[in-house]
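Enquirer: The structure is given below, and queries will be raised subsequently.
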Amino acid sequence: WTLMEGLDDIALTLRHEDEIAAYEAGRPGFKPATLPARTLPKEEVASARGSG
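Quick note on the UniProt record's numbering: the sequence shown kicks off at 1 and runs consecutively.
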């Protein structure tokens with residue numbers, strides 16, 4: 001059924017994102033936890049070939 005829905009391991013995990021967040025919120029602070037995803041600011045990319 002996962003192939004029929006186009007799901008991979010990451011997509012299957014993300015279906016339980018709320019439950020994972022609730023579990024980690026209840027864990028003691030001395031235990032390791034996942035970090036939120038970092039997003040970098042968008043930077044303009046210049047062509048290495050130059051113009052023309």
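Ideal Cβ positions, reconstructed from N, Cα and C, are used throughout, including at glycine. All figures in this text were calculated on a predicted structure; none of them were measured in a lab.
Our contact map puts E24 next to A33 with C-beta atoms below 8 angstroms; I'd like the distance itself, whole angstroms only.
Expert: Sequence index remark: in the sequence shown, residue 24 carries index 24 (1-based). Sequence index remark: in the sequence shown, residue 33 carries index 33 (1-based). Confirmed, Cβ separation roughly 5 angstroms.
Enquirer: Would you mind reading off the limits of the alpha helix (DSSP H) that contains A14?
Expert: In the sequence shown, the residue the question calls residue 14 occupies position 14. In the sequence as presented, Ala is not what sits at residue 14; that position holds Leu. Segment D9 to L14, the alpha helix (DSSP H) holding L14.
Enquirer: Would you mind stating whether T2 and L12 have Cβ atoms separated by less than 9 angstroms?
Expert: As a working mapping, residue 2 is identified with position 2 in the sequence shown. As a working mapping, residue 12 is identified with position 12 in the sequence shown. In contact: T2 and L12 (Cβ atoms closer than 9 angstroms).
Enquirer: Have a look at R38 and F30 and give me their C-alpha separation to the nearest angstrom.
Expert: As a working mapping, residue 38 is identified with position 38 in the sequence shown. As a working mapping, residue 30 is identified with position 30 in the sequence shown. Rounded to the nearest angstrom, the two C-alpha atoms are 22 angstroms apart.
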